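Here the protein sequences come in this chain order: D and W. When we follow the working numbering, the leftmost residue of the first sequence carries the number 664, and every step to the right adds one. When we follow the working numbering, the leftmost residue of the second sequence carries the number 2, and every step to the right adds one. Don't be surprised by glycine CBs; every beta carbon is placed ideally from N, CA and C. None of the values given here were measured: they were computed from a predicted structure. For reference, the structure is listed below as structure tokens.
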Amino acid sequence: MGHANTFNEDAKLPEAAAKRAQTIALACAVVGLGASFGGGLLGLFGGDAKELHHQFYFSWLTAFFFFTTLSLGGLFFTILHHLVRASWSTGLRRIAENLAMNIPLMAACALVLSMGFGDVYHWTHIDPAKDPIFAVKEPYLNVGFFTIRAVVFFALWAVLAFFFRKNSVAQDGAQSAESASAFNFKMRRLAPLSMLAFALSLTFFSFDWLMSLDPHWFSTMFGVYVFAGTVVALFATLILSVLWLTRNNAVSTDTLTIGVFHDAGKLMFGFTVFWTYITFSQYYLIWYANIPEETGWFMHRAQGGWEHVGLLIAVGHFILPFWTIMSRHVKRNRFMLGLVAGWMLFMHFVDLYFVIMPTHHHHLHLHWLDLTTFVGVGGVFLMGFLFWCKRDALVARKDPQLTASTGYDNV
Amino acid sequence: MSDTSPHNKESIFPPPFVAGKHDFHSITEAICGVVEKPLNINWILALGVAGTVMAMLFASIGYLFWEGTGIWGLNNPVGWGWAIVNFVFWVGIGHAGTLISAVLFLFRQKWRTAINRFAEAMTIFAVICALVFPGIHVGRVWAAYWMLPIPNQMAMWPNFRSPLLWDVFAVSTYFTVSLLFWYVGLVPDLATLRDRAKSKLAFWSYGLFSLGWRGANRHWQNYERAYMLLAALATPLVLSVHTIVSFDFAVSVLPGWHTTIFPPYFVAGAIFSGFAMVLTLAVPSRKLFGLEDFITIRHIENMNKIILVTGTLVGYAYAMEFFIAWYSGSPYEGFAFINRAFGPYWWAYLAMVSCNVISPQFFWSKKMRTNLTVTFILSIFVNIGMWFERFVITMTLHRDFLPSSWDYYAPTVYDMSTFLGSFGLFFTLFILFLKFLPAVAISEVKGVMPQADPHWEGYAHAHHAVSNAVSNKEAH
């Protein structure tokens, strides 16, 4: 009672479940990447297939950004857990840490884009002399500085992810409660500065990789908008991971209780509303003021079939989940909440698609490469995630706060 | 639990919510004692000072009604002066109360119980002060009711597309819900005061407002449900009110006003200033009324952390505004921000940045966060800084698109007496509240005591209480 070592669970991923998931992940990666690269390379031969080449990079960017936000979400959750000294989320901590460990993999996926950088980012071949608006921002928006920033961001996130996971896993071997809490103190000490660095890096990352797709457009809210979507996707991923782990008896439902599950659902609900608040405010202020240099971005997305996607996002990213997960019964029902979590991940993808793809297609145009790149990058992401899941215990077993987390239920 | 880390200076678990050796009875005694003690001279003096300052407010308003808004420093490009600055300032102050009472309640942050009552009172009084300013700014006050969409024979309506009208709805809804929330929370405590009342007047007045509360099981069940619902209703209000206030500026086409980050930036700023005001009030009153066991250093430290977080968020918004003003390549945006920082009002910008962004940085240090003097001084700095933030934003008007109409705005003595007077109104209400109502929520504080845990093992085992944050989860 109250002793840190009452937790006797092994919390290891069972071999059979791991094998099955790894096979699926590998199959996805091979088929997805094979088809995507095949399509992309076909485009190099020119002619009618040239379009495939362009399409490949845009689809890749969408898939890459989607899975990067899942990793970044994991990093955010890890830092936040220590920053606010939460105890209820101790059981979820390791899953988030594992998600964050995929940052280097995502950096590798970013490298693929470098080959088609000019195809995606039109500002790489704007002549500043002919475009006075671009001339102003050219010192910021140039390939050299962009690359430096990208390297710095990914390096920063990778270092943070490694730091938190390394200390977290080292804690698993702690012999006494005191030596275990020393790790908590260590991680808590770094949390505030990490959060500051995370906030700024995510903001400029989203400016660079998404906002600059339209180099004339700007919005001070954009970083917050990407952040909000990231957090919704994170909670959806956590919920699905918890479901998968408990179903395969990797972690018992006495550890990841229905209470923890319920609260992850509450936070997903909260951040869905937050995302709506941010997204609506951004749209609404631009619509109301009606200044041409800002409205272009939305005008572009209000025609050519894109308006239907916008409507889908309004309904699917807000109205549906709002009325569904508001209910306590839904949040405490593993199947229902899992369903909504899956849906929110899909909507997060649609949301990013709505930001990225209209740059390439003035008319809504779904492409098979969108699917294959998603499956391919997703397979890679899943393989990385499973690798880290298999390596160590799935729960921070020696964390003195775990007892507070396992007995946790808020009705 | 105490055996997990007995040698650590700092436990992994937070300290208890209530300091000292308290039981249920001593809590009632300590909090009700403030109300029941006979009037003391210091309190009367404080009320006298606040009342005098408040009288200055009413005198200024009286003269304003007689003479018109010409007595203020308004000029042609700056049609909005201190009145809007003060309005936004006071509305912002209120936000901490709602955040503490509603949002922290939903997040199960039990430390809030010690401070929610008077933070909510602060909210209500701040909103009253806020509502004064748009009301008297209309010029023809006898037509102030035109702000409301009342059917009339002239078929004349307010502009439904104007955020100024939404403000009327947002702020009045906010006031109504805050008042209800505060009152519902007060009911059990009012009943306690009723039951302890010595005089007939006290018995009847507390009895009237305690709505026949007897502490029955059914009463508590209904109470908890109502409280939960009101918390859920008040939570969106924390965001919506200051969002609408930010719309007053952001829906325009003015550089420096029209920027998409305004809504969350205003909300963060409001919470920032509100927590500063809570601390400005809490630090002296916990000492004067002997509430140190309830509003502990832990509470002060937590609030200082929120000040650091929200101050940093506000700093983030300033940085985004500046970066995007440059990145947009719009010369007007660029000018508005350069003019803010280096134009005639550079001193206001400097005051804003130093008070709002630099001063909270001291709270990175635990020593500073737990030092009452530092906390009190910094909380005043934040209050000043947040007033200047609204001043800086409003003064964007002074150089508009037409350089020939540029002008410099300076307040008159009546601007100042009205603003200063609003503090008189605020403190008069607050001082009255401290004396006549329980400043700390008695029943809620009891609920977070280790004794309230059904598994509590009695006074002999009181050392288990150290980790009361988690005790109820571990006791089985």
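DSSP state of residue i mapped onto helix, strand, coil
i               : result
S472 of chain W : Note that S472 of chain W scores a pLDDT of 40, beneath 50, so its modelled location is shaky; the value from the coordinates is reported in the next line. S472 of chain W: helix per DSSP, three-state reduction.
S247 of chain W : helix
S844 of chain D : helix
H8 of chain W   : Only weak support is given to the placement of H8 of chain W: the predicted model assigns it a pLDDT of 41, under 50, and the value that follows is read from those uncertain coordinates. The answer is coil: DSSP assigns H8 of chain W none of H, G, I, E or B.
I13 of chain W  : coil
V139 of chain W : coil
D401 of chain W : coil
V19 of chain W  : coil
D24 of chain W  : coil
I296 of chain W : coil
G98 of chain W  : helix
A750 of chain D : Before going on, a small fix: residue 750 of chain D reads as Ser here, not Ala. Correct three-state label for S750 of chain D: coil.
L705 of chain D : helix
H152 of chain W : The sequence given here places Pro at residue 152 of chain W; His does not occur at that position. Coil at P152 of chain W, not helix or strand.
S990 of chain D : coil
T741 of chain D : helix
K675 of chain D : coil
A386 of chain W : Per the sequence presented here, residue 386 of chain W reads as Gly, with Ala not at that position. G386 of chain W falls in the helix class under three-state DSSP.
N953 of chain D : coil
A352 of chain W : helix
F161 of chain W : coil
Y410 of chain W : coil
M369 of chain W : helix
V375 of chain W : helix
I116 of chain W : coil
G697 of chain D : helix
R391 of chain W : helix
Spatial neighbours of residue i in its chain, beta-carbon cut-off 7 angstroms, leaving aside the 5 residues before and after
i                : result
S750 of chain D  : Q1064, A1067, S1068
D1014 of chain D : G892, I976, H980
W960 of chain D  : D877, W880
F424 of chain W  : V54
E390 of chain W  : G270, M353, N357
H745 of chain D  : M850, R851, A854
D4 of chain W    : Residue confidence is low: D4 of chain W scores 38 on pLDDT, short of 50, so the model does not pin down where it sits. Its coordinate-derived value is still stated next. Excluding residues within five positions, none has a Cβ falling inside 7 angstroms.
P7 of chain W    : Low confidence applies here, because P7 of chain W scores a pLDDT of 41, under 50, leaving its location unreliable; read the following figure in that light. So the list is empty, once near-sequence residues are dropped.
P791 of chain D  : F797, A798, E801
I72 of chain W   : Y64, L65, T413, Y415
A698 of chain D  : T1035
P1021 of chain D : H963, R964, W969
Chain-order list of residues whose beta-carbon lies under 8 angstroms from that of residue i (same chain, five-residue window excluded)
i                : result
I789 of chain D  : F797, P878
G186 of chain W  : S102, N117, R118, E121, Y228, A442, E445
G1001 of chain D : I902, L903, L906
V923 of chain D  : W751, S752, G754, L755, V905, S1068, Y1071
V806 of chain D  : F780, T787
Same chain, Cβ closer than 6 angstroms to residue i, neighbours up to 5 away in sequence not counted
i               : result
Q685 of chain D : L1049
F134 of chain W : A84, N87, F88
G968 of chain D : H1026, L1027
F729 of chain D : F1012, L1015
E841 of chain D : none
G98 of chain W  : A120, E121, M123, T124
Proximity test, Cβ basis, 9 angstroms: residue i and chain B
i               : result
T114 of chain W : Although the question refers to chain B, the structure presented lacks it and instead comprises the protein chains D and W.
Give, in chain order, every unbroken run of the alpha helix (DSSP H) that is at least 4 residues long and sits entirely within the region 885 to 943 of chain D. The DSSP assignment places complete alpha helix (DSSP H) segments of no fewer than 4 residues inside the region 885 to 943 of chain D at 885 to 910, in order along the chain.
Near-chain W residues of the region 938 to 971 of chain D - C-beta to any C-beta below 7 angstroms: For the region 938 to 971 of chain D, the set of residues with a beta-carbon nearer than 7 angstroms to any beta-carbon of chain W comprises Y940, I941, S944, Q945, L948, I949, Y951, A952, I954, E956, in chain order.
Alpha helix (DSSP H) runs contained entirely in the region 757 to 787 of chain D, provided each spans 4 or more residues: Runs of the alpha helix (DSSP H) lying entirely within the region 757 to 787 of chain D and spanning at least 4 residues, in chain order: 766 to 777, 780 to 783.
What residues in the region 870 to 882 of chain D bring their beta carbon closer than 7 angstroms to a beta carbon of chain W? Within the region 870 to 882 of chain D, the qualifying residues are F881, S882.
Closer than 8 angstroms, Cβ to any Cβ of chain W: which residues of the region 831 to 855 of chain D, in chain order? Of all residues in the region 831 to 855 of chain D, A840, E841, S844, N847, F848, P855 have a Cβ within less than 8 angstroms of some Cβ in chain W.
Please go through the region 179 to 262 of chain W and give each complete alpha helix (DSSP H) segment of 4 or more residues, from N-terminal end onward. For the alpha helix (DSSP H) assignment, the uninterrupted runs of no fewer than 4 residues enclosed by the region 179 to 262 of chain W are, from N- to C-terminal side, 201 to 210, 218 to 251.
Going along the chain, which unbroken runs of the alpha helix (DSSP H) with 4 or more residues stay wholly within the region 793 to 876 of chain D? Residue ranges of uninterrupted alpha helix (DSSP H) with 4 or more members, entirely inside the region 793 to 876 of chain D and ordered along the chain, are 795 to 800, 806 to 835, 840 to 872.
In the region 231 to 242 of chain W, which residues sit with their C-beta less than 7 angstroms from some C-beta in chain D, listed in chain order? Residues passing the 7 angstroms Cβ filter: L240.
Taking only beta carbons into account, state which residues of the region 293 to 307 of chain W come closer than 7 angstroms to chain D, listed in chain order. Residues of the region 293 to 307 of chain W whose Cβ lies closer than 7 angstroms to any Cβ of chain D: none.
What are the residues in the region 791 to 812 of chain D lying within 7 angstroms of chain W by C-beta distance? Answer in chain order: I796, V799, K800, Y803.
Note down, in chain order, all residues in the region 1043 to 1063 of chain D with a beta-carbon under 8 angstroms from any beta-carbon belonging to chain W. Residues are counted here when their Cβ sits less than 8 angstroms from a Cβ of chain W; for the region 1043 to 1063 of chain D these are P1063, given in chain order.
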